[in-house]
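Using our numbering, read the sequence shown as starting at 69 and increasing by one per residue. Where is the CB? At the ideal position from N, CA and C, for every residue including glycine. Reviewing the structure listed below.
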Amino acid sequence: MNYLLKILIAIGFIAFQPDVSAQETASSGIRVSGEVFSVLTGKPVELALVNCGDFSSTFTDEKGEFTIEARSPDDIISVSAQGYHPKDILLSGRSRVSVYLSGEETHSFQEQAWFGYFSKKQIYTTQSVASVRNTVAESAKSGIGSGEAVFDGRVAGLEARARNGIKGAGSDLFLRGYSSLYGNNQPLVIVDGMIFNTQSYGTSLIDGYRSNPLASIAEYDIENVTLVRDAASIYGAKASNGVVFIRTSKATQQATVIDLIMNGNYEMAPDNIPMLEAGQYRTYLNEILLSKGLTADSINRMPFMNTDPSVPGYYKYQNNTDWQKKVFADNYSSNVGLRIKGGDDVALYALSVGFSQQKGTVKGSDNSRFNFRFNSDINFSQKVTLNSNISFNYIKKNITATNIFSYYDAVSQARVKAPFLQEFIQNDQGVASPDLTNYDFLSVSNPVSLIENGQNEDMNNLLFASLNFNWDLSRNLTLSNLVGMSVDKQRQSVFIPRAGIAPDSTDAGVIENQMKARVLRHFVINNDIRIKYEPRLGVNHSLMLLAGARLNVNTLEEDWGADFNSANDQIRSLGNGNYLLRQKGGTIGDWSSLVWYLHSDYGLKNKYLFTLNLGLDGSSRYGSKADGIPMFGTRFCFYPGMAAAWIISAEPFLAGSRVVELLKLRASWGLTGNDDIGNYTAQKYYVAKNLLGYQGTMMGNLWNPALGAERNSRINAGLDMSFFRERISASVDIFRNKTSRMFDYVTANILTGFYGYYDNRGGFTTNGIDAMVRARVANRPLEWDLGIVLSKYATKVDDLFDQKRITPVFGANILTEEGRPLGLFYGYATRGVFAGDAEALQSGLSNRMANESLVPFRGGDVIFEDFHPDGIIDENDMQVIGDPAPDLTGEIFTELRFKRISLQASLGFSVGNDVFNYLRYTLENMSTTNNQTTAVVNRWRYQGQATEIPRAAYGDPMQNSRFSDRWIEDGSYARLKRVSLTYRLPVRSKWVHSADLFATGINLLTFTKYLGLDPEFSLNGFALSQGIDVGMIPQNEMVLLGVKLGL
69 MNYLLKILIA
79 IGFIAFQPDV
89 SAQETASSGI
99 RVSGEVFSVL
109 TGKPVELALV
119 NCGDFSSTFT
129 DEKGEFTIEA
139 RSPDDIISVS
149 AQGYHPKDIL
159 LSGRSRVSVY
169 LSGEETHSFQ
179 EQAWFGYFSK
189 KQIYTTQSVA
199 SVRNTVAESA
209 KSGIGSGEAV
219 FDGRVAGLEA
229 RARNGIKGAG
239 SDLFLRGYSS
249 LYGNNQPLVI
259 VDGMIFNTQS
269 YGTSLIDGYR
279 SNPLASIAEY
289 DIENVTLVRD
299 AASIYGAKAS
309 NGVVFIRTSK
319 ATQQATVIDL
329 IMNGNYEMAP
339 DNIPMLEAGQ
349 YRTYLNEILL
359 SKGLTADSIN
369 RMPFMNTDPS
379 VPGYYKYQNN
389 TDWQKKVFAD
399 NYSSNVGLRI
409 KGGDDVALYA
419 LSVGFSQQKG
429 TVKGSDNSRF
439 NFRFNSDINF
449 SQKVTLNSNI
459 SFNYIKKNIT
469 ATNIFSYYDA
479 VSQARVKAPF
489 LQEFIQNDQG
499 VASPDLTNYD
509 FLSVSNPVSL
519 IENGQNEDMN
529 NLLFASLNFN
539 WDLSRNLTLS
549 NLVGMSVDKQ
559 RQSVFIPRAG
569 IAPDSTDAGV
579 IENQMKARVL
589 RHFVINNDIR
599 IKYEPRLGVN
609 HSLMLLAGAR
619 LNVNTLEEDW
629 GADFNSANDQ
639 IRSLGNGNYL
649 LRQKGGTIGD
659 WSSLVWYLHS
669 DYGLKNKYLF
679 TLNLGLDGSS
689 RYGSKADGIP
699 MFGTRFCFYP
709 GMAAAWIISA
719 EPFLAGSRVV
729 ELLKLRASWG
739 LTGNDDIGNY
749 TAQKYYVAKN
759 LLGYQGTMMG
769 NLWNPALGAE
779 RNSRINAGLD
789 MSFFRERISA
799 SVDIFRNKTS
809 RMFDYVTANI
819 LTGFYGYYDN
829 RGGFTTNGID
839 AMVRARVANR
849 PLEWDLGIVL
859 SKYATKVDDL
869 FDQKRITPVF
879 GANILTEEGR
889 PLGLFYGYAT
899 RGVFAGDAEA
909 LQSGLSNRMA
919 NESLVPFRGG
929 DVIFEDFHPD
939 GIIDENDMQV
949 IGDPAPDLTG
959 EIFTELRFKR
969 ISLQASLGFS
979 VGNDVFNYLR
989 YTLENMSTTN
999 NQTTAVVNRW
1009 RYQGQATEIP
1019 RAAYGDPMQN
1029 SRFSDRWIED
1039 GSYARLKRVS
1049 LTYRLPVRSK
1059 WVHSADLFAT
1069 GINLLTFTKY
1079 LGLDPEFSLN
1089 GFALSQGIDV
1099 GMIPQNEMVL
1109 LGVKLGL
């Protein structure tokens, strides 16, 4: 603490000293001349502003020529013109230069990258940085409804894996793989300089649903996204997965600018999974019941087998219903947004307001959003300014189904329900009434009743606001303080009706209907005070020092209650159920963190660049005996980082080259951490307990006072390049990320009374490469831009306290073992199906049953590989059967412009990733009376039959459907994610300055061999859950039409 204080005092002393280096005059300058051309047309650019810092400036003439005074042969001149990227030219001893300016619509390393508190051109960055500009016109064509749509697929190394096709569901973000086994793997998001929470807290009452905070940021409110892929040490234990800086819209001029967006989209219902039709299902059901032990005579006497129309109830079972069509439907959505910018000499402002109404493809589902944002920049004086950023969002969703397999999910029930039934009650003449049927004799609910009578409502209010005060203490020294708050309130209401729904049996009793409610409140206070020092050290030296302290305080409370068996389905509120079945719960969490940080940038001759980052991070989550420096009642961990870059193209041997525009070599190393270890995992606490009517307390956890943050070391080397006047640009990075002191679950001694505890043990390493290439393929009259981003990584487990473990996740077995890749699928390899009993007998294979007895396989059973050759198929024969990590991911994007017409397209792809198709596993295991897919038509049914589908057997006694490579598929795909056509109308109106009409197709084509609904999905953000497809609502084809008006 004293050491940091001394640094700040020294900086302040230097800052107030006379600025000797600033006393340079024009008499000491050198003359530089040149000309400025447009890359697009090749013609001179007239009235381009040319300046050399605040030393001299001029404009180009009608021939694009200029003459200016520079301070030294290694100075920088900057050139800017309307409609072009501003460009810095490193003289490198030249007295004459030719400058070519690229259009604003193209990518350029001359663009600004924003880092929350400051910005710099990408050409001068030392770290692995990517920046994405966004415009209102681009956002209007999105149709995604979530903030990550701005940078999805445009940044190498960042995978935005769509969670599912539910409106506003968003994506899980993975930057260069994973950094934690059980902790957070999402990058830190900073919005306008303040930490923006992207995690989901508490327990959702809606199965399979997770909140998406980024959905509260309208795409057209985002102006720039900058991603730091290597170590951002000044963010300490929150930056183990990189940092995403989001800058929302700001006014840059006083003139009033109004943008109006209106669009609507039509979304197609997903393709139906081919299920057995009535006749096929009746045959299958007959076989299952026979395997259960029923006789053929008893089955034939069942009502669904009746073939006599005169028998009452005959028509009830003479249907052929496609239940999926009863729950899915095409649908439409609409969106309107208004943004106004303007101001005067005192203040600039940017105001936006919008409303969207999105219908889902599951009947009864929708997503409504109201968003408001007001940003302002106020000049109280020449030395004191204020930046304010205030946003409020209200989102309401009706989520009728997520397709997580459940008795209470309409989509999952539609897929397993008998097709010979229908949704309405029929009389003995087969005439349907308007009344819905009850659950059927197989205890499958009526999915239509779940949609029409059930309720899954989620509401979210988010206030996110910050005030940033700036005080210029001197010409070189600025004191700033950002104070902000975030107030997030979520409310869920769930009702499962009695009518049409199969009851559920529990230890407490039979549940007939359900009423649930949940409220979560998350309140955050942020304060970030910092001082920035930028002395003038002459032409050959530049320095920027930034020191500060960042405080983040969180308070969270979640309360939920559940009531069951109200008197009827019209009574839906808590307090009206059976008190003996009543449930309640919740959580309270308070946590805070404090980071002292120092960031410094130093440049020598504008071509040798150095960065130093230091972070001292403390958190209330750390144990009292964790590693670190004891301060303020907790432990503080030290996170250093350093980076360097060499602009090779600024050297005399390359300066002025007509081929090489930019050649920059970068290298960085740094430490970050991950404090996602739980609020009280390292603390001792007690919980209330009732035993035989006596109330008391007991120890709530097996705490570990030595538990601290995970540690992540990141090494990166990269090369930034541009050629032929920036017509071709590229970046390549190789990296090595190593996680140590991993947050891991350790099995405890049984005498403790606990299953285990968390500790910092083990680690893993990720190696990989990222690449980006962009090219201007053609100029006038047709402009054609083409680009590609590529990412490849591999993660290997280095250290594990138990060397090898198997984790069950949704029926899959996930292997974590030293020396192997992380998250492998671990199961049984198969070699087909026994054609008959003789072949099975000849194999000599037996299955080890749950009671340890051995039962020989017979005809129709799966041939499992005897990996541990002993003639017995058991857990010793399990082996690696798949790897969910892709070999390569990326996206190809292109844009063509011709006069008033532009065409954009992007193709995303993933290669080499394996997928566990859990949905197919549940619909093809042939062990229950549930309906199955048409694949089981080819199941084994007689001796000598050659097939790949085993026999149907109730309860699956031989475990033919166990986790094996039967359910592992190649998840590779290529998807036309977006294609958009825009026409700019030739508007000449006093009120309308511009008008763009556009049509966008989303997810129109997908090329894949995968049999599931959607090859692009994410179950959650944990490393061990990747590649498991539970069959969530898929992303569907969508067509969007709209208009963007400039007023």
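Simplified DSSP state of residue i, which is helix, strand or coil
i, result
"W1008", "coil"
"R1118", "The question about residue 1118 has no answer, for the chain in this structure spans 69 to 1115."
"T740", "strand"
"F473", "coil"
"W1035", "coil"
"G347", "helix"
"T863", "strand"
"D413", "coil"
"P371", "helix"
"L1132", "In the structure displayed, the chain extends from 69 to 1115; residue 1132 sits before or after that span and is not available."
"S359", "helix"
"Q178", "coil"
"G786", "strand"
"A418", "strand"
"L1087", "coil"
"I51", "The question about residue 51 has no answer, for the chain in this structure spans 69 to 1115."
Classification of residue i by the beta-carbon crowding that lies within 10 angstroms, buried from 16 upward
i, result
"M917", "exposed"
"Q392", "buried"
"S89", "Note that S89 has pLDDT 40, beneath the 50 cutoff, so the model's placement of it is unreliable and the number below is only indicative. Counting Cβ neighbours within 10 Å, S89 comes out exposed, since fewer than 16 surround it."
"W1059", "exposed"
"V983", "buried"
"R848", "exposed"
"F183", "buried"
"A816", "exposed"
"P371", "exposed"
"Y349", "buried"
Boundaries of the beta strand (DSSP E) in which residue i is found, first to last residue
i, result
"K600", "582-601"
"Y762", "762-767"
"E206", "Element bounds for E206: not the beta strand (DSSP E) but the alpha helix (DSSP H), 204-208."
"Q523", "523-540"
"E625", "609-632"
"V197", "197-201"
"D982", "982-985"
"E137", "133-138"
"L545", "545-564"
Separation of residue j from residue i, as counted between CA atoms
i, j, result
"L256", "N309", "7 Å"
"G927", "T375", "32 Å"
"A307", "G741", "7 Å"
"R231", "I467", "15 Å"
"T749", "S799", "42 Å"
"S433", "M373", "37 Å"
"Q195", "P937", "53 Å"
"H590", "F1075", "42 Å"
"D339", "G405", "32 Å"
"S402", "A774", "53 Å"
"Q651", "Y753", "23 Å"
"N780", "Y250", "14 Å"
N-terminal and C-terminal residue of the alpha helix (DSSP H) that residue i is part of
i, result
"W714", "From DSSP, W714 is part of no alpha helix (DSSP H) but of the beta strand (DSSP E) over 702-715."
"S247", "No alpha helix (DSSP H) holds S247; DSSP gives it neither H nor E."
Which ranges would you report for the beta strand (DSSP E) in the stretch 791-843 if only whole runs of at least 3 residues count? 796-808, 811-815, 824-828
At 3 residues or longer, and completely inside the stretch 484-521: list those beta strand (DSSP E) runs for me, N to C. 492-494, 500-504
Contiguous alpha helix (DSSP H) assignments of at least 4 residues, all confined to the stretch 288-348: none
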